[in-house]
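The opening position of the sequence shown corresponds to residue 12 in this note's numbering, with each subsequent residue numbered one higher. Yeah, the Cβ is synthetic: ideal placement off N, Cα and C, and Gly gets one too. This report refers to the structure that appears directly beneath it.
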Amino acid sequence: MKVIIRENAAEGGLWAARHIAARIKEKAARTAEPFVLGLPTGSTPLATYAELVRMVKAGELSFKNVITFNMDEYVGLPEEHPESYHSFMHKNFFDHIDIPKDHIHILNGNAPDPEAECAAYERAILAAGGIDLFMGGIGEDGHIAFNEPFSPLSSRTRVVTLTQDTREVNSRFFGGDPEAVPARAMSVGVATVMDSREVMILAFGPKKARALASAIEGPMSHYNTVSAMQNHPAGIIVCDEAAIGEVKVNSYRYFKAVEAAEG
Ligand code: GLP
């Protein structure tokens, strides 16, 4: 795995946006097939979304031939609820870029048959040719998407029960009340993310430092699902100085030396 360390979240977000743009352009130069992009919600990717929007508005990038799959959605929250991941994605990204509406995929957390919805999502990813690049964030416990501790690293898209910790962390968007945070979500699995040709995980700020250090230096474990990145042939972690703060000094030096050598 490659670890890109930037001074702060703004610079890390910029690096990630440029990386996505470069990958979209590389594929467009080689084939007419669409670029398939996996996307997260959360505060972590906001700077990246803002920069991608800027690029589109400046005519530097287009999403006309990009297909997206979002990571997750709450179960039972109306789509139009301001804190649904549907609302989040439209407000922060899709409403400001040139992506065709039918290229956007977000799990329907109100599907009458949740299992069928999750199975159809996996099929849709396959039908699109698989995901070229999945961008993700992490929870304070190291979860990717909503793959909480003890999610199998072989997991697929399914309905999950959120931990009390996650409901407390996310209660900041629900008037500070953890009980107002839906208890369940639909989420792509760890294996769904890891099947992507490239995975780029963003982690910023001191609250992510412990989970990130154990994902990088600890054993690969269902206790910290982002640790599955250790087994990905093309995994990139983009973090800031605060989030990388708990790794060994020598690990830090190694990542910096690799970046300096490889550019
Ligand atoms: C939620 C999402 C995750 C996200 C995490 C971190 O749990 N399901 O996909 O990575 O929040 O959120 P933030 O980026 O706001 O720290």
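- The residues T59, E62 and L63, in chain order, have a CB closer than 6 Å to that of A28 in the same chain once the five nearest residues on each side in sequence are set aside.
- Taking the Cβ of N235 as the reference point, every heavy atom of the ligand GLP lies at 7 Å or farther away.
- Secondary structure within the segment 147-211: the beta strand (DSSP E) runs of 3 or more consecutive residues, fully enclosed, are 169-172 and 195-198 (chain order).
- In the DSSP annotation of this structure, the continuous segment of the beta strand (DSSP E) that includes T79 starts and ends at V77 to N81.
- Using a Cβ-Cβ distance cut-off of 8 Å, the segment 31-47 and the segment 134-147 are in contact, since at least three pairs of beta carbons, one from each stretch, lie closer than that value.
- With a cutoff of 7 Å, S182 does not count as near the ligand GLP, since its C-beta is closer than that to no heavy atom of the ligand.
- Assignment of L88 by DSSP, reduced to helix, strand and coil, places it in the coil class.
- Taking the C-beta atoms as reference points, T168 is found nearer than 8 Å to M197.
- Fewer than three pairs of CB atoms, one per stretch, sit closer than 8 Å, so the segment 220-227 makes no contact with the segment 176-194.
- Restricted to the segment 206-262, the alpha helix (DSSP H) segments that are unbroken, complete and at least 4 residues in length are 220-228, listed in chain order.
- For a cut-off of 8 Å, the C-beta gap from I16 to F215 is around 11 Å, too long to register as a contact.
- For G49, the enclosing beta strand (DSSP E) starts and ends at F46 to L50.
- For H154, same chain residues with a beta-carbon under 6 Å away, outside a window of 5 residues either side, are T236 in chain order.
- Bridge pairing for V14: I248 [DSSP].
- Note that the C-beta distance between K259 and E228 is below 8 Å.
- Short of 7 Å from the beta carbon of A226, and not among the five residues preceding or following it, lie these beta carbons of its own chain, in chain order: G153, N235, V237, S238 and M240.
- A direct Cα-to-Cα measurement between A224 and N181 gives close to 22 Å.
- Measuring C-alpha to C-alpha distances from Y132 to each of R195, H243 and E84 identifies E84 as the nearest.
- A distance below 8 Å between beta-carbons, with the five flanking residues on each side excluded, links A32 to the following residues of its chain, in chain order: L63, M66, E71 and L72.
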